[in-house]
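Each position in the sequence shown, counted from 1, maps to that position plus 2 in this note's numbering.
To keep things clear, I will list the structure first and then write my remarks on it.
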Amino acid sequence: MWMEFALAGLGLVILLLAGDVLVKGAVNLSLRLGIPALIVSLTVVAFGTSAPELLISIKSVLNGVPGLALGNVVGSNTANILLVLGIPALISGLRAGSDTQRTYMVMIVSTLIFIGLAFAGPITWWHSIILLGILSLVLLDAVRSARAHRREANGASAEEAAEIAGIEELEEADPDMPWWQIGLYVLLGLIGLPLGADLLVDSSIAIASAYGVSDTVIGLTLVAVGTSLPELATTVMAAIRKHADVALGNVIGSNMFNLLAIIGVAALVGPIPVDPEFLSFDLWVMLAASLVLAPFVFLGLQMGRLVGLGFSALYVTYILVLLT
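Take a look at the structure:
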């Protein structure tokens, strides 16, 4: 068992390092392309940090435990908001940018559609087509916004481009960073995050199984928290460097990707049954956690240490309810 604990520690270290280099690469990529850091975090960073959920969900369906896939996504989305934003808020206050409002609304709509499809479950291929279709529209809109910002940045100096991108105060913003280095940072981050999460999750499952914890609880707790650690690592690093757009954009993008892409792809592999417990409790906890962000997104309220403490306490309470 000591080997499992050692592998869990190694996975955590890899996650932290990979989260750091991914943020550094992503924000410099946005600087060089004249794209807002929020859009980059909604695509490259969000998709990269959601890779563990995708891999685990597909593996769960193929291995005949599709309920683990649904628990993974629902639990991860709840953890992303209450834990992944709560802990960074304890470290350094977060504040949503104006661009966050639109993407937040898309996340809420995606959550409501997902809940509706869950009630029409089990989730099968036709649910998948709907979810992946919505994801395609989201990505097309992100590409359109990116092109508009790039046109705005054309002809601007490096400093002006940074200001347009909204990352002029970011510590890692280096207009002189070569393309190969930016690409290397992004690549190392995208490889390291799922690798670290895989080590941590597999070892955590082995430890939990040794103590007789059920698969359902593992999916909603250990696996959900484990696969949310890439988002947590990336968000903590972004918060330390005072870049809330990456932190909040990463969480919003990851939650959308979890609901639309991960379940959408997993449902193509095989049907995903919806446990009645999800319909009566866990889905509504996920929605409530998403709605808690509304005042901070629309009113521009600061997510300070007290808010971070409250979010973290709510998540601990949720876990305790699941374990009882």
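Using N, Cα and C, we set each Cβ at its ideal position, and we do this for glycine too.
Keep in mind the model is a prediction, meaning the values are calculated, not measured.
* Which whole-angstrom value describes the C-beta separation of V75 and I264, a residue pair presumed to lie in contact below a C-beta threshold of 8 angstroms? -> For V75 against I264, the beta-carbon gap comes to about 6 angstroms, under 8 angstroms, which counts as contact.
* Classify L87 as helix, strand or coil using the three-state DSSP reduction. => In the three-state DSSP reduction, L87 falls in the coil class, being neither helix nor strand.
* Measure how close the beta-carbons of G191 and G21 come, nearest whole angstrom, since I'm counting them as under 8 angstroms. => With a Cβ gap of about 7 angstroms, G191 and G21 count as contacting.
* To do: Decide if F280 is buried, meaning its Cβ has at least 16 other Cβ atoms within 10 Å, or exposed.
  => So F280 ends up on the buried side.
* Would the stretch 268–288 and the stretch 118–133 be scored as touching if the rule is three or more Cβ pairs under 8 angstroms? -> Flag = yes, the stretch 268–288 and the stretch 118–133 touch.
* Asked: Hey, would you say V287 sits closer than 9 angstroms to I89, going by beta carbons?
  -> Between V287 and I89, the gap from beta carbon to beta carbon reaches 9 angstroms or more.
* Asked: Taking C-alpha atoms, which residue in Q304, L250 and Y320 lies nearest to T2?
  -> The chain is shown only over 3 to 326; residue 2 falls outside these bounds and no answer can be derived.
* Whether T236 touches V25 by CB criterion (9 angstroms) -> Result yes, Cβ atoms of T236 and V25 sit closer than 9 angstroms.
* Asked: Which whole-angstrom value is the C-beta distance of G221 and V203, which I expect to be below 8 angstroms?
  -> Not really, about 11 angstroms apart at Cβ, beyond 8 angstroms.
* **Alpha carbon of V140 to alpha carbon of S32, nearest angstrom** => One C-alpha to the other measures close to 19 angstroms.
* Asked: What is the rounded straight-line gap between the Cα of A8 and the Cα of W128?
  -> So the alpha carbons of these two residues sit roughly 42 angstroms apart.
* Asked: Which ranges does the alpha helix (DSSP H) cover as unbroken runs of at least 4 residues, wholly within the stretch 247–322, from first to last along the chain?
  -> The stretch 247–322 contains these whole alpha helix (DSSP H) runs: 265–271, 285–294 and 296–300.
* **Three CB pairs or more closer than 8 angstroms across the stretch 180–199 and the stretch 10–20** => Under the Cβ criterion (8 angstroms, minimum of three pairs), the stretch 180–199 counts as touching the stretch 10–20.
* Asked: Is it true that the stretch 305–320 meets the stretch 105–114, where meeting means three or more beta-carbon pairs spaced less than 8 angstroms apart?
  -> By the Cβ test, the stretch 305–320 is not in contact with the stretch 105–114, since fewer than three Cβ pairs between them sit closer than 8 angstroms.
* Distance, Cα to Cα, S256 vs A240? -> Roughly 15 angstroms separates the two Cα atoms.
* Asked: To the nearest whole angstrom, what separates the beta carbons of L262 and I184, a pair I think is in contact under 8 angstroms?
  -> Contact doesn't hold; Cβ gap of about 27 angstroms is too wide.
* Residues bridged to I125 by DSSP? -> Note: I125 is bridge-paired with I274 in the DSSP secondary-structure output.
* Contacting residues, own chain, Cβ-Cβ under 6 angstroms from S314 (five flanking each side not counted) -> Hits under 6 angstroms: G88.
* Nearest residue (CA-CA) to G36, options V67, F298 and P177 -> Answer by Cα proximity: P177.
* Measure the Cβ-Cβ separation of V299 and Y106 and say whether it is below 9 angstroms. => It is a contact, given that the beta carbons lie within the stated cut-off.
* **CB contact flag (P68, S62, <9 angstroms)** => Closer than 9 angstroms, so yes.
* **Segment limits, alpha helix (DSSP H) that includes Y187** => In this chain, the alpha helix (DSSP H) harbouring Y187 covers W181 to A212.
* Asked: Mind checking P297: buried by the 16 CB within 10 Å criterion, or exposed?
  -> Around the C-beta of P297, fewer than 16 other C-beta atoms lie within 10 Å, and the residue is accordingly described as exposed.
* To do: Tell me, please, which residues DSSP counts as bridged to L96.
  => The partner list for L96 (beta bridge, DSSP) reads M305.
* Local Cβ density within 10 Å of A212, reported as buried at 16 or more and exposed below that -> It counts as exposed.
* To do: Rank L85, G66 and N79 by C-alpha distance to the C-alpha of I117 and give the top, closest one.
  => It is N79 whose Cα lies nearest to the Cα of I117.
* Specify the secondary structure class of D143 as computed by DSSP and reduced to three states. => Note: D143 maps to helix in three-state DSSP.
* To do: Check whether the Cβ atoms of D277 and L72 sit closer than 9 angstroms, and answer yes or no.
  => In this structure, L72 lies closer than 9 angstroms to D277 by Cβ.
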